[in-house]
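Okay, structure first, notes after.
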Amino acid sequence: MKGRFITFEGCEGSGKSTQIRLLSERLKKEGISHIVTREPGGSDIAEQIRAIILNGKNTAMCDECEALLYAAARAQHLREKVQPELEGGKLVLCDRFVDSSLAYQGYARGLGMEFINNINSFALRDFRPDITLFLNISPKAAFERKHGADRGDRIEQLGLGFHQKVYEGYLKLAERYPERIVKVECGGSKWDTAENIYKILKNKKLI
Ligand code: TMP
137 MKGRFITFEG CEGSGKSTQI RLLSERLKKE GISHIVTREP GGSDIAEQIR
187 AIILNGKNTA MCDECEALLY AAARAQHLRE KVQPELEGGK LVLCDRFVDS
237 SLAYQGYARG LGMEFINNIN SFALRDFRPD ITLFLNISPK AAFERKHGAD
287 RGDRIEQLGL GFHQKVYEGY LKLAERYPER IVKVECGGSK WDTAENIYKI
337 LKNKKLI
């Protein structure tokens, strides 16, 4: 079977990491071979770029630099890790991908989605996920659930107003790319959400 690339998106505290872990555990039990990775990061060089981007001391970083570093980390991660796994027929679960740049840098930072699409087209050569699962929970509800932001993380520190814009950006993306982005409602327990995700992927024959 050809490889499949599944990305997870959402605001901070939306439960992406938990959902990826629950899905991975279930896939393991079913003997479905896969890897779990994340952005920014996922390979040695991309993790080094991640450390620069998220370092809370780098307050002088301009928005353009931030957007280009995310795209650079993505290009490296894709070429070094994701593409070889997909070519080997693997299922790849990735915590965040290009939609994070569109929502955070394009929409919330105000650089514009077209600009972000352009630099990422260069970085990715129009490579896109097979499906993107957007965990649909507002930042206010998500922060309450995780008891506030991580103070050492440059992006988490930006406050609720910024994260509300990120959320709006995601909703716009879900409207713009309905064939790829699926909204996953997160009102129930983490087990309910996990079951929803599993069913979506089964129905689309991705697992
Ligand atoms: P994480 O907390 O999900 O590991 O992601 C790291 C932070 O980087 C998070 O605040 C979201 C942000 N981010 C962007 O702003 N743009 C991007 O392209 C990516 C991948 C992450």
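Note that this note's numbering numbers the sequence shown so that position 22 is 158, with each residue one more than the last.
Heads up, the beta-carbon is just placed ideally off N, CA and C, and yes, glycines get one too.
Asked                                                                                                                                               : Found
According to the Cβ coordinates, are Ser179 and Lys217 closer than 8 Å?                                                                             : yes
When we look at the beta-carbon of Met137 and count the other beta-carbons within 10 Å, is it buried (16 or more) or exposed?                       : Note that Met137 scores 46 on pLDDT, short of 50, meaning its location in the model is unreliable; the coordinates nonetheless yield the value given after this. Exposed.
DSSP state of Lys193, grouped into three classes?                                                                                                   : coil
Only counting the same chain, and skipping five residues up and downstream in sequence, which positions put a Cβ closer than 6 Å to that of Ala207? : Ile255, Asn256 and Ala259
Buried or exposed, going by whether 16 or more other CB atoms sit within 10 Å of the CB of Asp262?                                                  : exposed
How should Ser237 be labelled, buried or exposed, when 16 other C-beta atoms within 10 angstroms of its C-beta is the threshold for buried?         : buried
Given this structure, state the Cα-to-Cα distance separating Leu271 from Arg312, to the nearest angstrom.                                           : 16 Å
When DSSP labels each residue in this structure, what does Ala267 get in the three-state scheme?                                                    : First, the amino acid is wrong: residue 267 is Ile here, not Ala. Strand at Ile267.
In this structure, what does DSSP give as the bridge partners for Ile171?                                                                           : Val228
Is it the case that the Cβ atoms of Leu269 and Ile333 are separated by a distance below 8 Å?                                                        : yes
Helix, strand or coil: which one does DSSP assign to Arg140?                                                                                        : strand
To the nearest angstrom, how far is the alpha carbon of Thr173 from that of Ala182?                                                                 : 11 Å
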